[in-house]
Amino acid sequence: MSNDSLEESLKYLTLESIRQHPTKTKEDIALEFFELGSNKEQAGSLSEAIDYYRKAYKLDEKVDLRYRENLVKSLPTPERRKDGSVHNGFTKLDLSKIKVKPLLESFHDAVLHPIDEDKPIWLETLPDEVISNILEILICSDTPSWFNFAMSCRKLAWLGFGQAASWRRLCMLVYPKQVYDDSERVLNGVTADQWQMVRIWDHSWHKMLSERPFIKYNGLYISVVNYQREGGRSEFSNQWNLPFRMITYYRYYRFFPDGSCQKLLTIMQPQEVVPKFYRNWRQLFGTSEWERVYEGTWSMTVDGHVRCHCSGPVPMYTFVDEFQIVNGGKYARHHKLNWKRMGFVNKETLDEGDLDISNERSFAFSRVKSYSEHETRDFIEDTHSI
């Protein structure tokens, strides 16, 4: 059962309906509540997770033990060797020891082999130049599809990853659409001519793409913040401790290649915000306190320092946010925005100030396919001349 359908089935259950359930015991339903709580915790919705955990423990005090037992049962049965050691069938690979460039070069003369030898491989009839063009079209229209296609076999890996043309195409798509400070262009010689810029990275397109930060447009950046808030005891309560509740709120940022941006601070979850966070957000959002979108401009430096100026529902102030683009991990390049500063400027007095960011969390990029579809046609047209 999917997470959404599980949540829907448990949403309106009462204690009476649980006792009279025709097919499930209260222990079974407690397990479902616990599983849903675990899913919510992994998604960052800690307040909802705590609520589901509490319901699960009310039905079964040992629900966590039963949940672990079910997890263990779902794992593959380990194999016991002659020497008494247990082998679970998994082999840990140290990917850091793989030298990618020599590996790709070894695929230079690879050929396509069919899984079923009775069936032809139509791709095999195409010259490498045609397959390379297919890969370039995928780069322009849907980069994940390019990656998955190139990963399907050795020959396509060589054509997709082993040649500079693919990385050059990506650089030509990404960097001309970045918005740089005017002073950055003058002082550091940032130019739209990527053939000139690639010299800084030893004429390597792949190295430039790996090391030169950039803002991503085919999605939005999301920050999830959780904190505890103390509650209060009832008037005649004799409890020693104060109750508390977990508060979760989200910050959303979306950037556009024309130098504009929009941001939102809300308790609304991504599935509620993503379908509405377009330029015409006024027609899609309501008027509640949690649907107040700020609009503004952004620019960056070549080393990835991003500065945003936004105005909105608080007309007296312009809010200034500063971030640093960082990697989200070894394989997620330029994936996160770390807070550097959150400030404001009084439009009347021009007084400036800073806001506390000690409790804020970094933004992580989330790709949204419907956002990139609006850019696809422009990307393909722009790259015909590259």
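Positions 0 to 385 (numbering that gives the first Met the number 0) are the ones given, in order, by the sequence shown.
We put the beta carbon where it would ideally sit given N, CA and C, even for glycine.
Legend entry - Ala29 beta carbon less than 8 Å from that of Leu58: Residue numbering aside, residue 58 sits at position 59 when the sequence shown is read from its first letter. Residue numbering aside, residue 29 sits at position 30 when the sequence shown is read from its first letter. In this structure, Ala29 lies closer than 8 Å to Leu58 by Cβ.
Inset, instruction - Assign Gly188 to one of two classes, buried (16 or more other C-beta atoms within 10 Å of its C-beta) or exposed (fewer than that). - result: Position 189 of the sequence shown, counted from the start, is the residue given in the question as residue 188. It is exposed - the Cβ of Gly188 has fewer than 16 other Cβ atoms within 10 Å.
Inset, instruction - Give the DSSP-derived three-state secondary structure of Gly36 in the structure shown. - result: Here the question's residue 36 lines up with position 37 in the sequence shown. Reduced to three states, the DSSP call for Gly36 is helix.
Inset, instruction - Could you check how far apart the C-beta atoms of Phe32 and Ala55 are, in whole angstroms? I think they sit under 8 Å. - result: For this step, residue 32 is matched to residue 33 along the sequence shown. For this step, residue 55 is matched to residue 56 along the sequence shown. Phe32 to Ala55, Cβ: 4 Å. Contact.
Inset, instruction - Determine the closest residue to Lys176 out of Ser361, Gly303, Ser357 and Phe255, with distance taken between C-alpha atoms. - result: Stepping through the sequence shown from its first residue, residue 176 is reached at position 177. Among Ser361, Gly303, Ser357 and Phe255, the Cα nearest to that of Lys176 belongs to Phe255.
Legend entry - Beta-carbon proximity of Phe387 to Tyr252, cut-off 8 Å: Because the chain spans 0 through 385 in this model, residue 387 falls outside it and cannot be assessed.
Inset, instruction - Please check the pair Val367 and Asn132, which I expect to be a contact at CB under 8 Å, by giving their CB distance rounded to whole angstroms. - result: By 1-based counting over the sequence shown, the position of residue 367 is 368. By 1-based counting over the sequence shown, the position of residue 132 is 133. Their Cβ separation, rounded to whole angstroms, is 27 Å, which puts Val367 and Asn132 out of contact at 8 Å.
Inset, instruction - Counting only the same chain and skipping the five closest in sequence on each side, list residues whose C-beta sits under 8 Å from that of Pro113. - result: Position 114 of the sequence shown holds residue 113. Contacts found: Pro119 and Ile120.
Legend entry - Residues near Asn237 in its chain [Cβ-Cβ closer than 6 Å; skip 5 each side]: As a position in the sequence shown, residue 237 is number 238, starting the count at 1. Any reading at Asn237 needs caution, since the residue's pLDDT is 49, under 50, leaving its predicted position unreliable; the model's value is listed next. There are no such residues.
Legend entry - C-beta contact flag for Leu122 and Leu111 at 8 Å: Reading the sequence shown from its first residue, position 123 is the one you call residue 122. Reading the sequence shown from its first residue, position 112 is the one you call residue 111. Their beta carbons are under 8 Å apart, which means Leu122 touches Leu111 by this criterion.
Legend entry - C-beta atoms of Ser46 and Met196 nearer than 8 Å: Mapped onto the sequence shown, residue 46 falls at position 47. Mapped onto the sequence shown, residue 196 falls at position 197. It is not a contact, given that the beta carbons lie outside the stated cut-off.
Inset, instruction - Identify the continuous beta strand (DSSP E) that holds Thr296 and give its terminal residues. - result: One-based indexing of the sequence shown puts residue 296 at position 297. Unbroken beta strand (DSSP E) run through Thr296: Val292 to Met299.
Inset, instruction - Give every residue of the same chain whose Cβ lies closer than 7 Å to the Cβ of Arg153, excluding the five residues on either side of it in the sequence, and list them in chain order. - result: Numbered from its first residue, the sequence shown carries residue 153 at position 154. Spatial neighbours of Arg153 in its own chain (CB-CB distance under 7 Å, excluding positions within 5 residues in sequence) are listed in chain order as Phe106 and Ala109.
Legend entry - Outcome for Thr24 when other beta-carbon atoms lying within 10 angstroms are tallied against a minimum of 16: As a first step, residue 24 must be located in the sequence shown, where it is residue number 25. Answer is exposed; the Cβ neighbour count stays below 16.
Legend entry - Complete alpha helix (DSSP H) runs within the region 197-233 (minimum length 4 residues, chain order): Scanning the region 197-233 from its first residue to its last, the whole alpha helix (DSSP H) runs of 4-plus residues come out as 204-210.
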